[in-house]
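These protein sequence lines are chains L and P, in that order.
Take the first sequence: its position 147, counting from 1, is numbered 147 in the numbering used here, and each next residue is one higher.
Take the second sequence: its position 265, counting from 1, is numbered 853 in the numbering used here, and each next residue is one higher.
Protein chains: 2
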Amino acid sequence: MAASLRPEVPPMRLSQFHLHTSKETPAEAEIVSHKLMLKAGMIRKLAAGLYTWSPLGLRVLRKVERAVREEMNAAGAIEVLMPSVQPKELWEETGRWEKFGGQLLKIQDRKEAWYCYGPTHEEVITDFARNELASYKQLPVNFYQIQTKFRDEIRPRFGVMRAREFLMKDSYSFHLTDEDLGLEYRNMYDTYGRIFTRLGLKFRAVAADSGAIGGAVSHEFHVLADSGEDAIAFSSGSDYAANIELAEAVSPGARPAAQEGMRKIDTPTQKTCEDVAALMGIALQRTVKSVALMGVDTEGGKTDEGSQFVLALVRGDHVVNEIKLSKLAGLGEYRLATEEEIDQHLGSEPGFLGPVAPKKAIRVVADRSVAAMADFVVGANEKGFHLAGVNWGRDLPEPHDVADIRNVVEGDASPDGHGTLGIARGIEVGHVFQLGRKYAEAMKLTVLDANGKAATPAMGCYGIGVSRIVAAAIEQNHDDNGIAWPEAMAPWNAVVCVINPKNDAAVAEAALALYAELNAAGVETALDDRGLRPGAMFADIELIGIPHRIVVSERGLAAGSFEYRHRLASEAENLDRAAVFARLAPKP
Amino acid sequence: MAASLRPEVPPMRLSQFHLHTSKETPAEAEIVSHKLMLKAGMIRKLAAGLYTWSPLGLRVLRKVERAVREEMNAAGAIEVLMPSVQPKELWEETGRWEKFGGQLLKIQDRKEAWYCYGPTHEEVITDFARNELASYKQLPVNFYQIQTKFRDEIRPRFGVMRAREFLMKDSYSFHLTDEDLGLEYRNMYDTYGRIFTRLGLKFRAVAADSGAIGGAVSHEFHVLADSGEDAIAFSSGSDYAANIELAEAVSPGARPAAQEGMRKIDTPTQKTCEDVAALMGIALQRTVKSVALMGVDTEGGKTDEGSQFVLALVRGDHVVNEIKLSKLAGLGEYRLATEEEIDQHLGSEPGFLGPVAPKKAIRVVADRSVAAMADFVVGANEKGFHLAGVNWGRDLPEPHDVADIRNVVEGDASPDGHGTLGIARGIEVGHVFQLGRKYAEAMKLTVLDANGKAATPAMGCYGIGVSRIVAAAIEQNHDDNGIAWPEAMAPWNAVVCVINPKNDAAVAEAALALYAELNAAGVETALDDRGLRPGAMFADIELIGIPHRIVVSERGLAAGSFEYRHRLASEAENLDRAAVFARLAPKP
C-alpha cells in the first residue's frame, strides 16, 4: 500500500484519483441526468437540494466555469466577487425583501440583524455601482461574477438541475443610454451563443417572458433535450425561436363562406371536442372548445356582471395560452368560472357549453383561428347536445374580441413569415434581460452625464446556470450505457485503459508512455491503471462518458496496434500509434 | 464615447478596466492593509465584515487561489466542492452545534429546518467519506476545496483580515494508520511552505496550540509583519519556531548561593516590580512578580481552600503565560483572586504581595527562572513594604511547584539547544492539524482493513486563509506610497504608462506595441492609457503596487529609450527595448 501522496501532476491516473461509480440506479432520482450523475459518482447528496461535487463532478463543473469565464472576458465583461450574504436593508430599497417570496433564504446574525443568502445580486451590484460609478466616462461597464447562490426551492429535486445551492454566472451592465444597453444586450446574446457552442451543446435562444425580474426585453437560452421542462417554438425557415408562452399564432386566411345549416346533434355522453369529433366522424379541427372564465376585479372599481364573465373559444385541437389571455382587457387576473356561474350565464352545465344563445349577454373572446372558421361544432348550452354547422354572423353575433389566445402548434406558420414552426423541449440554462432603470431608480444610482447633469443609468442583467449546464448536457448527451460528454465538457478527453497492469510490465509501460505522450500533445488524457477486469473498466469509462478510449493489451502490442473506440461508435478499431494521434491530437 | 464592449482579451488596458483609486485615507480602517485595499479600490464594504472584491482586488485573490490550487494538486490532494450550507444534524453528531459558539451562523429554511453557513467542513467531509470510503485500498486520500466560508465574528474588522465571509482552502485527509497521517501531515507542511515561498512571502511555520478544532499535533503558518497579532518565537540557530503561547522557556542554570540577608524595604507607593527596581536602583531581573489566582473546581469534587489559592511567581521582567499555567494540576481553569481572597490568604493588599510568611498555608508555583534566583525582591504582604535579599529554603520554603509558566523573551535559549530565541510578529494564514480519530469516531466512519475488519481512519485537516493572505501580504509589503506586491501576487507584473496618449499618436502606438510584445513574451502587462497626468498616473500605479513600470514618452522615444522603474527602486533608469526585456521577461 502506497502511503505517500505525491503522484504526478495533475492527478490523472485513476488509481490515484477518487473515482467512485455505482452499479445501482438510485431510487430517488427521477430524471436521467440525476441518475447518471449519482451512478458516475459526480455528486453526492448532503441534504435536500444540497450536493457535494466529487473530484469527477468538479472537473466537469470547472470546464463549464472556465468556458464561461473566458468568453465573458473576451466579451469585455470584468470579473468581480460579491458577498453571498446580503443585508436586508438593500432588499428593502427595491421592495424585494417581501416580494421575492419563500425562495429567499433569510438569515439572522448574532446581533439579530437580518440578511439573506443571495439568490441574485441586482441590489448588491447597484449598491456597488452607486459607490463606484460617478461619471458617464466610466460607462458602459459590465461586471460579472461566478458564484454560489441559494434559492430555497419549495421542492428541490432533479439533483443539481433544481438544487437549492448552485453555481451561477451573473453579470450586470450599466449604460448611459438605452441604445448602449441594446448594444451590450446584443453582445451578451452573442457571447452566450459562443459559450454554448463552445461547450458543444445544441441550444436555442428564445424570446421569453421576463417574469419577476422585470424589464422589457429578454431572451432565454435553452439546451435542447426531450426531457426539458419548457416548450420552445422555432421556425424551420429562420432564426425565430420563442418560448411557447410567447410565440405568436399568426392569423389564418379569410373565413370561408357558410355551407351548412345549423343543426342540433345528440351527444349524450360526449363532453370533450375529441369525443364529439369521434362520434360525428369529423376532424378535431372543425370543433371549437369553450372555456368559461371570470375576470377578477383587482382595481376595486365597479364592473357589471356581464363584463366579468368571458367565454374564450379555441379550436378543438388547440390549447388556451394563459399568458396571452391575461393580456386582454379585463382579464389581467382571472379564474375558471364555477358551475353555478356557468349555469347563471349560459343556462348549461360544463361539457356542453357554447357561444350560441346564452342565457345572458356575455363577452365572447375568439381565438384568431376560431374567428376564421365556418360550419363549426360547439356545445349547445343544453345537456346532451352540441350544435354543428354553426356560422358567425348568422347563428351568433361576431365575437367581441378576436385575439391570439392559444399556444402555437407544430406546423403553424412562423410569425416572422419564414417557414413553419416546430416544437422542441428545452432546459433553461441562461437568461439575458434588459432591466432598464428599475433598480437604478429604486436605489438612486446616478452618474454625471457629458453636461454635468445627474443621469440614471440603464441596466442589463445576464445569468447562466453553471451547475445546471452540467445536468442539462447529460440530458442531451447520454445513452443506455451512461453519459456521452461533448469534448469541451468531458472530465478527460481520452483515457488509456491498461489490461492487466500488475502482471504485464510491458503493457503497463506502453500504456504509461502513450498516456504521457497524449498529454504532452495537448490531449487531456487519463490512465486507467486501477487493474479492474476489462468489462468493469469499460463499463466505468462509458458511464462517466470519456469521448475517446484507447486500450493497451498484450495482443495489441504484439500486433503494433491499440484498440480505439469513440464513446458513440458502435465498434472498436485497431489503430497504430500514428493513427491514434491523428484521431485525437488537436490540429495545430 | 465607445459604446461597444469588445476590447482585446484579457482586458489589460486600464482605460477599459474598472480601476477606481481614492486619494482619501478611509477613517474606518485601523490597519495599513485595510487602508491600502480601500484606497487602491480592491475591496468595497457591503456590510459589517462583508466585502465585494473589485476587478483589481479579485485579480490578486485569484493569483493566490491559483498558487494554492496548483500546489495542492502537485501534492496529490484532490479537489472537491462541498455545499456552504450544512444541516444541523451533522453538527449534532460531533456536538459542535452547541460548542462552536456564536461564530456559527445558524439558518432556518422555509420548512423550519436548521442549517448553518459552514465556517469549516469537518462534519461534511466526514459524512462524504463515510459514504465514499469503504476500503483501506481507497486510502490515503486528501480532499480539498477552495470555498467561501462564514464566521459570525463578534467584532469584524481590519477589512478582509477578519471578515465574516471569506475565501478559504480547506482540506481533509484520511489514513488507515497514524504513521500514514504523519506522512501526509509532513507533505502538507512542506506544501504550505512551497505555497508561501511561491507567493513571495516571508513566513514561519510554528508549533501551535491546536485550540478548539482538536487533535494532538498542529502547526500554524504566519506571514511575518510588524503589525501581526501573534508573537512567534524563533531560533537564531535552527528551524525551531513556535507560537509564543507554546514556546518553552528552558531551565536556567543552577541557583547561586545566597549572598544577602533578608531585609524590609520602604516602598510607600511602589506597587510594581518596575517601580520597586527603579527605587532601589537594581535590575528588574532581580525582582519577582506575585500573581494571586483561584483554581476553579470544575469537577464538582471537594477541594480545600488552601489548594485552590495559588501564588504564581515569575521574574519581574517576565510575563505569565496563561496556557502554560492552565496545564498545571488544579489550574485547568482559574481566575485572578479577589482582593478579599488575597487578604484572607496573604493578609495583604494587591501591589505588596509575596510568598514570604503568608497568613495561611498557600500553594506557591514558581517559574523555573524564579526557582533559580537568589537574593531576590518580593512584596512583604504588608502595605508599603517589599522584602529584599530573599532566598529559597532560608526565608521561605522551597516552592510547591517549579514549572515553565512564562512567555519566552528575546535572547532566551532555544528549547532545541541551538542558538537563542528572537521574537517576531506574524499573521496566521495557514494551519495544519493532526485531528486523529475524533471526528471519525463521533460520526462512525470506518473502512475495512486488509483483514476485512472495520477500522476507524485517522484524519488530518489543513487550512489556508486565501483572502486573508492578500491582506497579510500588504502588511508585509508596503511603503508610504502604497502596496509593493511580490511578483506572484501582483495584479499585473508590469505596466506600460503612456504620456499624453490622445495628443501623441506615435507615443500611443509605441506604448501599445511594447505592451503587446511584453504580454507575448509572458510578462503580464497592463497598459495605462487612461490619459491621466503623469503625477496622478504614477501615484495610482505605486498605490496599486505594480512591480515594474515602463514609461513611454515623446522625449524617451526620441532618445530610443523607455523610463523603467521598479516599485521599490528609489530612482528611474532609461533603458532601451532590449534592456527592458532583459529586465522583465522570464528566463526560459
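Positions of the beta carbon are idealized from the N, C-alpha and C atoms, including for glycine.
All figures in this text were calculated on a predicted structure; none of them were measured in a lab.
Buried or exposed: residue i, going by 16 or more other Cβ atoms within 10 Å of its Cβ?
i, result
"Asp404/L", "buried"
"Arg1039/P", "Position check: residue 1039/P holds Asn in this sequence, whereas Arg was assumed. Asn1039/P comes out exposed."
"Val673/P", "buried"
"Ala1166/P", "exposed"
"Arg596/L", "In the structure displayed, chain L extends from 1 to 588; residue 596/L sits before or after that span and is not available."
"Thr1113/P", "buried"
"Leu1106/P", "buried"
"Gly522/L", "exposed"
"Gly1123/P", "exposed"
"Glu591/L", "Outside the modelled stretch of chain L, which goes from 1 to 588, sits residue 591/L, for which no answer is possible."
"Pro985/P", "exposed"
"Glu248/L", "buried"
"Asp540/L", "buried"
"Ala1093/P", "exposed"
"Arg903/P", "buried"
"Lys912/P", "buried"
"Leu1023/P", "buried"
"Ala380/L", "buried"
"Ser173/L", "buried"
"Gly1051/P", "buried"
Between residue i and the rest of its own chain, which residues show a CB-CB distance below 8 Å, the 5 nearest in sequence each way excluded?
i, result
"Arg1025/P", "Thr1044, Pro1045, Ala1046 and Met1047"
"His418/L", "Ser235, Gly237, Ser238 and Tyr240"
"Ile146/L", "Glu65, Val68, Arg69, Glu79, Leu167, Met168, Lys169 and Val466"
"Ser561/L", "Asn574, Leu575 and Asp576"
"Ala2/L", "With a pLDDT of 34 at Ala2/L, under the threshold of 50, the modelled position of that residue is not reliable, and the figure given next carries that caveat. Excluding sequence neighbours, Ala2/L sits near nothing in its chain."
"Gly102/L", "Asp152 and Ile154"
"Arg406/L", "Ala249, Val314, Arg315, His318, Val319, Val320, Asn321, Lys324, Asp367 and Ser369"
Which same chain residues end up closer than 7 Å to residue i when comparing Cβ atoms and leaving out the 5 residues on each side of it in sequence?
i, result
"Leu279/L", "Thr267 and Gln270"
"Asn503/L", "none"
"Arg982/P", "Ala846"
"Leu584/L", "Ala494, Leu518, Val523 and His548"
"Val402/L", "Ala366, Arg368 and Ala371"
Tell me which residues share the same chain as residue i and place their Cβ nearer than 6 Å to its Cβ, disregarding the 5 neighbours each side in the sequence.
i, result
"Leu5/L", "Note that Leu5/L has pLDDT 36, beneath the 50 cutoff, so the model's placement of it is unreliable and the number below is only indicative. Excluding positions up to five away in sequence, the list is empty."
"Arg530/L", "Leu14 and Ser15"
"Tyr780/P", "Phe809 and Gly1018"
"Gly411/L", "Thr420"
Is the beta carbon of residue i less than 8 Å from the beta carbon of residue j?
i, j, result
"Gly253/L", "Gly389/L", "no"
"Ser621/P", "Glu1063/P", "yes"
"Ala47/L", "Pro675/P", "yes"
"Ile1011/P", "Ala821/P", "yes"
"Val250/L", "Ala413/L", "yes"
"Phe964/P", "Ile853/P", "no"
"Ile550/L", "Leu514/L", "yes"
"Arg1229/P", "Asn131/L", "Outside the modelled stretch of chain P, which goes from 589 to 1176, sits residue 1229/P, for which no answer is possible."
"Val876/P", "Met961/P", "yes"
"Arg567/L", "Gly545/L", "yes"
"Met630/P", "Val648/P", "yes"
"Ala813/P", "Arg1013/P", "yes"
"Ala242/L", "Val206/L", "yes"
Would residue i pass as an interface residue toward chain B - the criterion being a Cβ-Cβ separation below 8 Å?
i, result
"Tyr51/L", "The structure shown contains no chain B; its protein chains are L and P."
Counting Cβ pairs, one atom from each stretch, are 3 or more of them under 8 Å apart for the region 450 to 464 of chain L and the region 35 to 53 of chain L?
Flag = no, the region 450 to 464 of chain L and the region 35 to 53 of chain L do not touch.
Alpha helix (DSSP H) runs contained entirely in the region 1014 to 1087 of chain P, provided each spans 4 or more residues
As far as the region 1014 to 1087 of chain P is concerned, its whole alpha helix (DSSP H) runs of at least 4 residues are 1026 to 1030 and 1054 to 1064.
Let me know the beta strand (DSSP E) ranges lying completely inside the region 371 to 424 of chain L, each 3 residues or longer, listed in chain order.
List check, beta strand (DSSP E) in window: 376 to 382, 385 to 390 and 401 to 403.
Between the region 931 to 951 of chain P and the region 906 to 913 of chain P, can you find at least three pairs of beta-carbon atoms closer than 8 Å?
The region 906 to 913 of chain P is not in contact with the region 931 to 951 of chain P.
Cβ contact (3+ pairs, closer than 8 Å) linking the region 172 to 184 of chain L and the region 491 to 500 of chain L:
No, the region 172 to 184 of chain L is not in contact with the region 491 to 500 of chain L.
Could you tell me which uninterrupted beta strand (DSSP E) segments, each at least 3 residues in length, are contained entirely in the region 618 to 685 of chain P, listed from first to last along the chain?
Entirely contained in the region 618 to 685 of chain P, the beta strand (DSSP E) runs reaching 3 residues are, in chain order, 631 to 635, 638 to 641 and 673 to 675.
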